[in-house]
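K.L.:
Take a look at this one; I'll ask things after.
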Amino acid sequence: MANGTDRSRNTGNSRSRPVSCRNLNPTKKWIFLLRSVNPISCDTWLKVQLQNAGCNLPVHLVFDGGITLLVFFVGVTPIRRGFYCTDESIRYPFHDSTIPNWMLYIYTFTIPFVVISLTEFLSHRRSRSTGTFLSRPVPIWFLHMYRSFVDFLFGCVASQLMTDVGKYTMGRLRPNFIAVCNPNITLTHCDMYGNKYITDYKCQDSQNDAKESRVSFPSGHSSFSAYTMFYVAIYVQLRWNVMNKRSHLRLIKCGIQICLILIAYYTALSRVMDNKHHWSDVSAGALIGVVTASLTARYVSSLMNDKALSDDKLPYSINSGPLTGGARRPQSNYDLEAQQIPKDQPLGDQH
């Protein structure tokens, strides 16, 4: 009986004692998290990872995805598809892009970076706590910004990968294919071809333009702008909680979200106006962007989890800032402990 009692006590102590996994290799850490029945140990490990700028998994995925995208741009060619001579949907004239690639990348990265940075800075600007980033002390708002922006970049890579897989797999011809490719066959008299599906042709213009003329589905501009703007709209909705308390602030937040969606909408429409994509290409691209933004916000980032966004889940004690719904000024651990009042002591007996 004594042995059984001691054994049960040891079992109880082992369950209540948080297990350390800091010395495990990365593979064993994830196995430990998946098999662990002790939530305290998992939280402890996650806090340590966040304190040391621990977004390693998303960072690796972003890096690997970026390498894959580079391979797509450099070494992969789209499927070569033929066309019918009577197909009027690919005979539109060539127009310069209303929103070129450089402009797309500027506002799709600048707007999220500014919104995320300002939000996290204002949320934790009064905090005295610090963390570490690359073995150097940094303010807590920087770690929040780092984590949020890495989550955003992960969705960017995922959205672009799905778009490029569709482009190079489908090989759909753009509306301006004939004008850009300039095939080496006569297309003025289609009666000579009848209903023949023409595959024996070569583009007489540059090979790069010929390659770009065969990647119409889905629209990359549409998917990327839809993902970035819709993700920022979700971020604003879930992080700017203080604006829900006053009607005029709530309207400002809704106005900002509408502007973000309008930016993505105009970008998609411009691709149809410039004869770069068919309407179905733009619709599919927008769907990819919206779905990716929703899934990233729900399952990758911590936006949908209020507990994950609260400061008590971090390895330091911080009260909520103005954009997270809190009204108290952030204090250090020392200040909080000094102001604690015993539960049994009434407020009137303090001297």
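The opening position of the sequence shown corresponds to residue 1 in UniProt numbering, with each subsequent residue numbered one higher. The C-beta atom is built at its ideal place from N, Cα and C for all residues, glycine as well. No experiment lies behind these values; they were computed from the predicted model shown.
Nearest to Arg81 by alpha carbon, out of Arg298, Ala210 and Cys254?
P.N.:
Counting from one through the sequence shown, the residue named residue 81 turns up at place 81. Minimum Cα distance to Arg81 is reached at Ala210.
K.L.:
Would you tell me roughly how many angstroms separate the C-alpha atoms of Trp102 and Ile140, rounded to the nearest one?
P.N.:
Stepping through the sequence shown from its first residue, residue 102 is reached at position 102. Stepping through the sequence shown from its first residue, residue 140 is reached at position 140. One Cα belongs to Trp102, the other to Ile140, and the distance between them is close to 33 Å.
K.L.:
Just verifying my parser: in three-state terms, what is the DSSP assignment at Thr188?
P.N.:
Residue mapping note: residue 188 aligns to position 188 of the sequence shown, counting from 1. Looking at Thr188 - three-state DSSP - the assignment turns out to be coil, as it is neither helix nor strand.
K.L.:
Going by DSSP, name the residue or residues bridged to Gly171.
P.N.:
Numbered from 1 along the sequence shown, position 171 holds the residue referred to as residue 171. Paired residues: none, contrary to the question.
K.L.:
May I ask which residues mark the beginning and end of the alpha helix (DSSP H) holding Phe230?
P.N.:
Sequence index remark: in the sequence shown, residue 230 carries index 230 (1-based). Segment Gly220 to Arg239, the alpha helix (DSSP H) holding Phe230.
K.L.:
Rounding to the nearest angstrom, what Cα-Cα distance links residue 352 and Tyr231 in this structure?
P.N.:
Here the chain comprises residues numbered 1 to 351, so residue 352 is not present and cannot be evaluated.
K.L.:
Out of Arg136, Val215 and Val150, point me to the one whose CA is closest to Thr296's CA.
P.N.:
Taking the first residue of the sequence shown as position 1, residue 296 is located at position 296. Here the closest residue by C-alpha is Val150.
K.L.:
How many angstroms separate the CA atom of Ser135 from the CA atom of Arg174?
P.N.:
Here residue 135 corresponds to residue number 135 of the sequence shown, with the count starting at 1. Here residue 174 corresponds to residue number 174 of the sequence shown, with the count starting at 1. Computed Cα separation, rounded: 50 Å.
K.L.:
Between Trp279 and the rest of its own chain, which residues show a CB-CB distance below 7 Å, the 5 nearest in sequence each way excluded?
P.N.:
In the sequence shown, the residue the question calls residue 279 occupies position 279. Excluding sequence neighbours, Trp279 sits near Val272.
K.L.:
Assess, as a yes-or-no matter, whether the segment 214-231 is touched by the segment 277-293 under the definition of 3 or more beta carbon pairs within less than 8 Å.
P.N.:
yes
K.L.:
Within 10 angstroms of its Cβ, does residue 352 collect 16 or more other Cβ (buried), or is it exposed?
P.N.:
Nothing can be reported for residue 352: it is not among the residues displayed for the chain, which extend from 1 to 351.
K.L.:
In its own chain, which residues sit with a C-beta less than 6 Å from the C-beta of Ala308, not counting the 5 before and 5 after it?
P.N.:
One-based indexing of the sequence shown puts residue 308 at position 308. Caution applies to Ala308, whose pLDDT of 40 falls short of 50 and renders its modelled position unreliable; the model cannot decide the point.
K.L.:
Please state whether DSSP places Tyr107 in a helix, a strand or coil.
P.N.:
Stepping through the sequence shown from its first residue, residue 107 is reached at position 107. Of the three classes helix, strand and coil, the one that applies to Tyr107 here is helix, per DSSP.
K.L.:
Alpha carbon to alpha carbon, how far is residue 365 from Cys85?
P.N.:
Any answer about residue 365 is impossible in this case: the structure gives the chain only from 1 up to 351.
K.L.:
Looking at Tyr299: is its Cβ nearer than 9 Å to the Cβ of Val115?
P.N.:
Position 299 of the sequence shown, counting from 1, holds the residue named residue 299. Position 115 of the sequence shown, counting from 1, holds the residue named residue 115. Against a cut-off of 9 Å, the Cβ pair of Val115 and Tyr299 comes out as no contact.
K.L.:
Can you tell me whether Pro315 is helix, strand or coil according to DSSP?
P.N.:
Within the sequence shown, the letter at position 315 stands for residue 315. Bear in mind that the predicted position of Pro315 carries a pLDDT of just 36, short of 50, making it unreliable; the figure below should be weighed with that in mind. If DSSP states are grouped into helix, strand and coil, Pro315 belongs with coil.
K.L.:
Could you name the residues of the same chain whose beta carbon sits closer than 7 Å to that of Pro93, not counting the 5 residues immediately before and after it, in chain order?
P.N.:
Working through the sequence shown from its first residue, we reach residue 93 at position 93. Excluding positions up to five away in sequence, the list reads Asn176, Ala179 and Asn275.
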